[in-house]
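**Q**
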Amino acid sequence: LAKTTQPISMDSYEGQEVNITCSHNNIATNDYITWYQQFPSQGPRFIIQGYKTKVTNEVASLFIPADRKSSTLSLPRVSLSDTAVYYCLVGAPRAGRRALTFGSGTRLQVQP
Amino acid sequence: DGGITQSPKYLFRKEGQNVTLSCEQNLNHDAMYWYRQDPGQGLRLIYYSQIVNDFQKGDIAEGYSVSREKKESFPLTVTSAQKNPTAFYLCASSIADRGDTEAFFGQGTRLTVV
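Residue numbers (the numbering used here), protein chains in the order written: chain S, 8 to 119; chain L, 25 to 138.
Below you can see the structure in the form of structure tokens.
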């Protein structure tokens, strides 16, 4: 399984754009990149997933460079409610291979 | 509504007792997972199942047991052999154990040993 590395924590202010980068140097050809968000005492929630280039949804954008060795989750104009832990996962669309392996995540603290 | 349900939300256990945590899903998902989360830490995989009547150990399976007799249900038993069972337990499910599908999580069970 591809190992991921994220910053342990980040701080931001309301209204700012936040970019969280995840390194996955040994990502395999078929691996997808998925980000989850977790609030205290709740289960993680799917945010966004991508394979290459850029993906955007109503919550975030995901930027993946051509070499796919890293990815950046971008949260536009964060609010206090975006304070949470963000996890980057890498996994392949092939049955029998464990995909849901979480690291320690990035703890984002948004200040007023 | 479709979803994944864990019960109870809070559970207290005396040392030396076994306790079973419930996880039910009505999403028709084949794959189900159990995680343990300690304060300030990430999720660690205990057991996972890709199909009924089959399951595999995760990274920290010692002291835990599971069963998968029905597609909808994946109960976790915390046995007396688990030396430090106080933690937040999360159950999840997905269409299959694949990297391109979304996983859905329950709201968790907080287990405290007293």
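Built from N, CA and C at the ideal position, the CB exists for glycine as well. Keep in mind it's a predicted model, so treat the numbers as computed, not measured.
Could you check which residue in PRO83(S), SER78(S) and TYR58(S) has the C-alpha nearest to that of VAL66(S)?
**A** Ranking PRO83(S), SER78(S) and TYR58(S) by Cα distance to VAL66(S) puts PRO83(S) first.
**Q** How about PHE70(S) and LYS76(S): do their beta carbons lie closer than 9 Å?
**A** For PHE70(S) and LYS76(S), no; Cβs fall outside 9 Å.
**Q** Got a sec: is the Cβ-Cβ distance from ARG75(S) to anything in chain L below 9 Å?
**A** So, not an interface residue.
**Q** Starting from TYR58(S), follow the beta strand (DSSP E) in both directions and report where the run begins and ends.
**A** Unbroken run through TYR58(S): none, as it is neither H nor E.
**Q** Under 9 Å between C-beta atoms, does ALA102(S) make it to chain L?
**A** Per-residue confidence for ALA102(S) stands at a pLDDT of 48, beneath the threshold of 50, marking its modelled position as unreliable; no derived number is given.
**Q** Let me make sure I understand the geometry here. Which of VAL76(L), LYS33(L) and LEU135(L) has the alpha-carbon closest to that of ASN52(L)?
**A** With distances taken between Cα atoms, ASN52(L) lies closest to VAL76(L).
**Q** Name, please, each residue of chain L whose Cβ falls closer than 7 Å to the Cβ of PHE109(S).
**A** Result: GLY66 and LEU67.
**Q** Any idea if THR44(L) is buried or exposed, counting beta-carbon neighbours within 10 angstroms, 16 or more meaning buried?
**A** Exposed, since its Cβ has fewer than 16 Cβ neighbours within 10 Å.
**Q** Out of curiosity, what's the CA-to-CA distance linking GLU86(L) and ARG92(L)?
**A** Approximately 18 Å between the Cα atoms of the pair.
**Q** Are there 16 or more other CB atoms within 10 angstroms of the CB of TYR88(L), so buried, or fewer, so exposed?
**A** Counting Cβ neighbours within 10 Å, TYR88(L) comes out buried, since at least 16 surround it.
**Q** Between THR90(S) and the rest of its own chain, which residues show a CB-CB distance below 7 Å, the 5 nearest in sequence each way excluded?
**A** The answer, listed in chain order, is LEU115, GLN116 and VAL117.
**Q** On a Cα-Cα basis, can you pick out the residue from TYR43(S), PHE109(S) and THR108(S) that is closest to SER81(S)?
**A** Checking every option, the nearest Cα to that of SER81(S) belongs to TYR43(S).
**Q** Within 9 Å (strictly less), CB to CB, does LEU45(L) reach chain S?
**A** Judged by the 9 Å Cβ criterion, LEU45(L) is not in contact with chain S.
**Q** So which residues on chain L does THR112(S) lean against when the C-beta distance must stay under 7 Å?
**A** A small correction: the amino acid at residue 112(S) is Gly; Thr does not occupy that position in the sequence shown. Within chain L, the residues near GLY112(S) are GLY66.
**Q** Consult DSSP for LEU51(L) and reduce its assignment to one of helix, strand or coil.
**A** Correct three-state label for LEU51(L): coil.
**Q** Rounded to the nearest angstrom, what separates PHE129(L) and ALA55(L) at their Cα positions?
**A** Distance between the alpha carbons of PHE129(L) and ALA55(L): 12 Å.
**Q** Compare the C-beta of SER73(L) with all C-beta atoms of chain S and state if any pair is closer than 9 Å.
**A** Not one chain S Cβ lies under 9 Å of SER73(L).
**Q** In or out: LEU87(S) buried (at least 16 other Cβ within 10 Å) or exposed?
**A** So LEU87(S) ends up on the exposed side.
**Q** Closest to VAL90(L) by C-alpha separation, out of ASP124(L), SER46(L), LYS107(L) and ASP62(L), would be which residue?
**A** Residue SER46(L) is the option with its Cα nearest to VAL90(L).
**Q** Got a sec: which bits of the region 42 to 53 of chain S sit with their beta carbon under 9 Å from any beta carbon on chain L, in order along the chain?
**A** Taking 9 Å as the Cβ-Cβ cut-off against chain L, the residues of the region 42 to 53 of chain S that qualify are TYR43, GLN45, SER48, GLN49, GLY50, PRO51, ARG52 and PHE53.
**Q** Determine the closest residue to PRO51(S) out of LYS81(L), TRP58(L), GLN41(L) and TYR34(L), with distance taken between C-alpha atoms.
**A** Closest option to PRO51(S), Cα to Cα, is TRP58(L).
**Q** DSSP puts SER33(S) in a beta bridge; with which residues?
**A** It is worth fixing the name first, because residue 33(S) is Asn in this sequence and not Ser. According to DSSP, ASN33(S) bridges with nothing at all.
**Q** Can you tell me where the beta strand (DSSP E) holding ASP18(S) begins and where it ends?
**A** Where ASP18(S) is concerned, the enclosing beta strand (DSSP E) stretches over 16 to 20.
**Q** Buried or exposed: which applies to ASP83(L), given that a residue is buried once 16 or more other Cβ atoms fall within 10 Å of its Cβ?
**A** Answer is exposed; the Cβ neighbour count stays below 16.
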